[in-house]
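Here the structure comes first, spelled out in structure tokens, and everything after it is commentary.
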Amino acid sequence: MNKSEAKAEIERLSNDLNRHNHLYYVESNPEISDYDFDMLLKQLQELEEKFPEFASDHSPTKRIGGDITKKFEAVVHKYAMLSLSNSYSKDEIEEWTARAKKLVEDELEYVCELKYDGVAIGIQYVDGKLVQAVTRGDGTQGENVTSNVKTIRSIPLTLTNDFPQDFEIRGEIFFPLKNFLALNEKRREEGDPEFANPRNTASGTLKMQDSKVVAERGLDCFLYGIYGAENRAEGHFELVNKAADWGFKVPPAKKRYIEKTNSVEGVMDFINYWDEKRKDLPFEIDGVVIKVNNYDQQEILGFTAKSPRWAIAYKFKAERVETILEEVTYQVGRTGSITPVANLTPVQLGGTTVKRASLHNADQIEKLDLHLGDTVFVEKGGEIIPKIVGVNLDARTSANPGVNFIHECPECSTQLVRREGEANHYCPNELGCPPQVKGRIDHFISRKAMNIDGLGTETVDALFEAGYVKNFADLYDLTFDQVVDLERMADKSANNLIDGVKASKEIPFERVLFGLGIRFVGETVAKKLAKAFKNIDELAKADFDTLIAVDEIGDKIAMSIQAFFLEERNLTIVSRLMEHGLKMEIVEKEGSSNKFEGSSFVVSGVFETFSRNDLKALIESNGGKNVGSISSKTSYVVAGDKMGPSKLKKATDLGVAILSEQDFIQLLNE
Ligand code: IVH
């Protein structure tokens, strides 16, 4: 390919990818499968590597991240980033509308919007290209987080149609709840402390140095204001809708995320609707925002020092109750991380009884200035998890002693440590601290790792107490007599356990590797490592550069792997597992391939040639992924006999390809 051909091809691929990205992330209506999308992206990446002179700053390849920002440069906002005045009662809203009407001396139209609970961002576009994205900061000056913002798929890098030449668009970057919960689940699995709430996590994510990590986390953005293009429409509502033509994800009126009304009743109806329905949203909001629509009227109303007079926020009352802080206890995780927990006098909140609330870490206790016996305020707002938001100081007496964070591990009395830059305290006694030792065994036997039949947390506890098992390699030396000797253990259960342990020797290498519990090596990373190094010896030998050369393996993971294999006792455990016959290398199964890589399958119904499990195994051994339910992201549904009609309809509605058993066999043999 010569230069001018390459240039044209890069342009063609970029346009294609931009269009498909928009169809997927903004319109939720994709035309091609994830796999095909990834293939196009890969083609573009390769071409850009060969012809870097044509790799633009706005290429769709920027979505993957990779740029590192060591220090976020300060940028002065062209238009100050003000905040909104808050109100908590409908009377205040009514007063606000009356005041505005009087000042304008005319009737008003209002735009009602959701108040997204995330972080504000201002994004500048020049000649249809995203040139800069800046956080709110102190309102006058924020931080340049452009590389990170470029990874957010619903934010266009280049615009379409009749866009203004130079303008700024503002919106809220937030963590969709599904992605937030998935991130915490992954952190739990990898032994990292969980994040407290989506908003702070969105904010922290936006300021991460490595844009690749930002790309993986799946932030999203809704847009709510446009500056420097007011001449394009009479009012805010109309302009926001125009921005959809330029390629932006704007709140859908169909779902009532945004609404125009000319009456106070209309505003109240919007507020009431969302006060009730906000719990069903896939992201958190903390209220609604009401704006005067017409730009001329906005100008008449103007600003106070801090906020516009043409807009007001109505904040939902988070449900809040008072109760007594009885005790603070401390949990020790598998990696030794210490989580303080508030034990409360049970109290009803949002339909459930709340007895405990996480306090996250020592800083949180200090910030709240908690004393034992305090009357504390507990809230469950849009949030899922109850939290202590403050102390009723009027109810505090001198008899309430301050909560002092523990210095010693509650389980093994070892002096706790707090590593530099980390929020959590840790118990360093990895070998002797029971919850750490048992936690590693629990992790090893868990469903996604060795999935040992007949063995659960309680039995691990009993085996540990009896002194039979001190690490997971010991499981393979267990005898029937030892097991049956445990309390409440019948012959049958004991046999079951022994058989389960034996059967686990057939578990594939990547799951054994995940089970080892190397810090930061979760299920996906374990799969990547297994595929790259093929066996444990190669992995143990790999130097830092070889490790980070593997896709998705960064410095942190590489260092953790090296640290693991430097420990003599880990090597002993691994070699004992090997002697017991566990799989320490990948077995290239006959008929395995990468042909389904990037595709996801939903298998449903009954089949003639295969059992459902065989079929799923075939999909995986050919690089595909099995998922439970059909979404627009699903590549194929393999439909057997007796597949439910609702599933079939969903697949058809979403345009997901439906394969019969024969179609599948054909695809496999192609
Ligand atoms: S309009 C002049 N609209 O709330 C202020 N803000 O306290 C213009 N927010 O910093 C802001 N949803 O981050 C506006 N639909 C919405 C919003 C919204 C969330 C945030 C925004 C702002 C804060 C105001």
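Straight run, no breaks: the sequence shown in my numbering ends on number 678. Where a beta carbon is used, it is the ideal one built from N, C-alpha and C, also for glycine.
- [ ] Compute the distance between the beta-carbons of residue 659 and residue 645, then report whether it is under 8 Å.
- [x] yes
Task: Spatial distance of residue 489 from residue 648 (CA atoms) - done: 46 Å
TODO: Might you give, ordered along the chain, the residues of its own chain that have their beta carbon closer than 6 Å to the beta carbon of residue 211, omitting 5 neighbours on each side?
DONE: 127
Task: Buried versus exposed call for residue 415 [16 or more other C-beta atoms within 10 Å across all chains shown] - done: exposed
Task: Cβ pair count under 8 Å reaching 3, the region 253 to 273 against the region 115 to 133 - done: yes
- [ ] Give the DSSP-derived three-state secondary structure of residue 350 in the structure shown.
- [x] strand
Task: Chain-order list of residues whose beta-carbon lies under 8 Å from that of residue 309 (same chain, five-residue window excluded) - done: 108, 111, 112, 300, 316, 317 and 318
Task: Close Cβ partners of residue 624 (< 7 Å) along its chain, the five nearest in sequence each way excluded - done: 611 and 634
Task: Bridge-paired residues (DSSP) for residue 365 - done: 350
TODO: On a CA-only basis, which of 528, 578, 539 and 603 is nearest residue 567? Give me that one, please.
DONE: 528
Open item on the list: Using 8 Å for Cβ pairs, my map puts residue 330 next to residue 383. What's the rounded Cβ distance?
Closed with: 5 Å
- [ ] Can you list the residues near ligand 1, meaning Cβ strictly closer than 5 Å to any non-hydrogen atom, in the order they appear in the chain?
- [x] 90, 91, 92, 121, 123, 124, 128, 180, 232, 297 and 316
- [ ] Have a look at 29, 657, 311 and 572 and flag the residue whose alpha-carbon is nearest the alpha-carbon of residue 87.
- [x] 311
Task: Inter-stretch contact (C-beta, 8 Å, three-pair minimum) for the region 82 to 97 and the region 179 to 190 - done: no
Open item on the list: DSSP has residue 316 in a bridge; who is on the other side?
Closed with: 311
TODO: Quick one: give me the first and last residue of the alpha helix (DSSP H) that residue 669 is part of.
DONE: 669 to 677
- [ ] Would you mind sorting residue 340 into buried or exposed? The rule is 16 or more other CB atoms within 10 Å of its CB.
- [x] buried
Open item on the list: Measuring straight from C-alpha to C-alpha, what distance separates residue 572 and residue 66?
Closed with: 40 Å
Task: Whole-Å CB distance - residue 201 paired with residue 366, under 8 Å assumed - done: Between residue 366 and residue 201 the Cβ distance is about 10 Å, and since that is not below 8 Å, they are no contact.
Open item on the list: Suppose the cutoff is 6 Å on Cβ atoms and the five residues either side in sequence are ignored; what does the same chain contact list for residue 174 look like?
Closed with: 134
Open item on the list: On the criterion of 16 or more Cβ atoms from any shown chain inside 10 Å, does residue 198 qualify as buried, or is it exposed?
Closed with: buried
Task: CB of residue 478 within 8 Å of CB of residue 445, strictly - done: yes
- [ ] Can you give me the start and stop residues for the beta strand (DSSP E) that residue 698 sits inside?
- [x] Outside the displayed span of the chain (9 to 678) sits residue 698, for which this structure offers no information.
- [ ] Look at the alpha carbon of residue 663 and the alpha carbon of residue 637, and state the distance between them as a whole number of angstroms.
- [x] 14 Å
- [ ] Determine the closest residue to residue 136 out of 254, 230, 258 and 484, with distance taken between C-alpha atoms.
- [x] 254
TODO: List the whole-angstrom C-beta distance separating residue 615 from residue 627, where the pair is believed to meet the contact cut-off of C-beta under 8 Å.
DONE: Incorrect: roughly 12 Å between the Cβ atoms, too far for contact.
- [ ] May I ask whether a heavy atom of ligand 2 can be found less than 7 Å away from the beta carbon of residue 328?
- [x] Only ligand 1 can be found as ligands here, which leaves ligand 2 out of the picture.
TODO: Report yes if the CB atom of residue 607 is closer than 8 Å to the CB atom of residue 38, and no otherwise.
DONE: no
Open item on the list: Measuring only the C-alpha atoms, how far is residue 154 from residue 294?
Closed with: 26 Å
- [ ] State the beta-bridge partners of residue 298 as determined by DSSP.
- [x] 120 and 320
Open item on the list: Determine whether the beta carbon atoms of residue 245 and residue 124 lie at a separation below 8 Å.
Closed with: no
Task: Per-residue DSSP class, three states only, for residue 522 - done: helix
Open item on the list: Among 473, 546 and 35, whose alpha-carbon lies nearest the alpha-carbon of residue 252?
Closed with: 35
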